[in-house]
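Engineer:
Numbering (this note's numbering), first residue to last: 3 to 307.
1) Could you tell me the alpha carbon to alpha carbon distance between residue 274 and residue 113, rounded to whole angstroms?
2) From the DSSP secondary-structure annotation, give me the bridge partner or partners of residue 181.
3) Mapping DSSP to helix, strand and coil, what is residue 239?
4) Which whole-angstrom value is the C-beta distance of residue 92 and residue 154, which I expect to be below 8 angstroms?
5) Counting C-beta neighbours from all protein chains within 10 Å, is the total for residue 56 16 or more, i.e. buried, or is it exposed?
6) May I ask you to list the residues that DSSP assigns as paired with residue 190?
7) Can you tell me whether residue 73 is buried or exposed, with buried defined as 16 or more other CB within 10 angstroms of its CB?
8) With burial defined as no fewer than 16 other Cβ atoms inside 10 Å of the residue's Cβ, what is the status of residue 90: buried or exposed?
9) Report the rounded CA-to-CA distance for residue 98 versus residue 184, giving the unit in angstroms.
10) For residue 159, which residues in the same chain have their Cβ closer than 7 angstroms to its Cβ, ignoring the five residues on either side in sequence?
11) In chain order, what residues of the same chain have a beta carbon less than 8 angstroms from the beta carbon of residue 297, not counting five sequence neighbours either side?
12) Quick one: what does DSSP say residue 159 is sitting in, helix, strand or coil?
13) Which of helix, strand or coil does DSSP assign to residue 2?
14) Considering residue 275, what are the terminal residues of the beta strand (DSSP E) in which it resides?
15) Give the single residue among 79, 78 and 95 whose Cα lies nearest to the Cα of residue 86.
16) Are residue 242 and residue 189 touching if we call contact CB-CB under 7 angstroms?
17) Quick check on the burial criterion: 16 or more other C-beta atoms within 10 angstroms. Buried or exposed for residue 157?
18) What is the residue span of the alpha helix (DSSP H) that residue 298 lies within?
19) Who does residue 85 pair with in a DSSP beta bridge?
20) So residue 61 packs on residue 121, CB below 8 angstroms; how close in whole Å?
21) Let me confirm a value: residue 254 is counted as buried when at least 16 other C-beta atoms fall within 10 Å, else exposed. Which label applies?
22) With distance defined between alpha-carbon atoms, name the residue in 220, 23 and 261 nearest to residue 39.
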């Protein structure tokens, strides 16, 4: 399966960084090392020409990335000791740790959720091919929490249909900058690729319909803990929406302020997932507490408050 070419135009803000850093920031599943290998192999061109891996991008550079075919990936099962919250013959729910990529990408074929699932689960849905078997939806690398996974094609189709019809319950907890004065709210704002910075998503007029409902759980002076319920599932939706209303996520390297708490990524956890069982129709709902480092961060804020 071929991946569509990606074209990037370098802005003033992006200029001066190595090409591997510039390109890898477009997709959090791509590492700098794999991009460097693509540059060496000629799969990344600048203004139509090949460059060296240490090339520093300039304003107005046009970069075209032609990733290798996903068919070339050799996805090896790995014992990653995944936390399976629920499993039956049709579906499973897994609690993904922070820092783990969901599925492999060219040059990054190990240590992903899929590698771990292939080791622990012997009957995954093959509808998404060898690279994304059973994967119905995903969460960002540095977001922890619950994902539903299909174990056969009928279940896969049912879960995808539920996502499309917006009947899946998806609740996240997020720590954001700022004191949110109101107890709850709804953000209804379309999301698409940022026209000024192709590395990011943003609220734009021509974006895709996106709705996030939130309610305040706790306030800590200049920080607020919120629960966000997704009605739609756009790329980086919670991160973009909370920034849009003036309350960016703590630790977010892409959408947060430069001065933030060093959390090794955004303080975001997929706490609740609920869906109708593909075979029985019974509504199932599961929850997982945030990881220890998230809880420790909240405790430290309570102590200061």
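Note that CB positions come from ideal geometry on N, CA and C, so glycine has one too.
Structural biologist: Straight from the coordinates:
1) 24 angstroms
2) In the DSSP output, where bridge partners are listed per residue, residue 181 has none listed.
3) helix
4) 6 angstroms
5) exposed
6) 213
7) Reliability fails at residue 73, whose pLDDT of 48 lies under 50, so the model's placement of it is uncertain and the value that follows must be treated cautiously. Exposed, because fewer than 16 other Cβ atoms sit within 10 Å of the Cβ of residue 73.
8) exposed
9) 31 angstroms
10) none
11) 291
12) helix
13) The shown model of the chain, from 3 to 307, leaves out residue 2, and the question about it has no answer.
14) 270-278
15) 95
16) no
17) buried
18) 294-306
19) 97
20) That belief does not hold up - the Cβ atoms of residue 61 and residue 121 are roughly 46 angstroms apart, past 8 angstroms.
21) buried
22) 23
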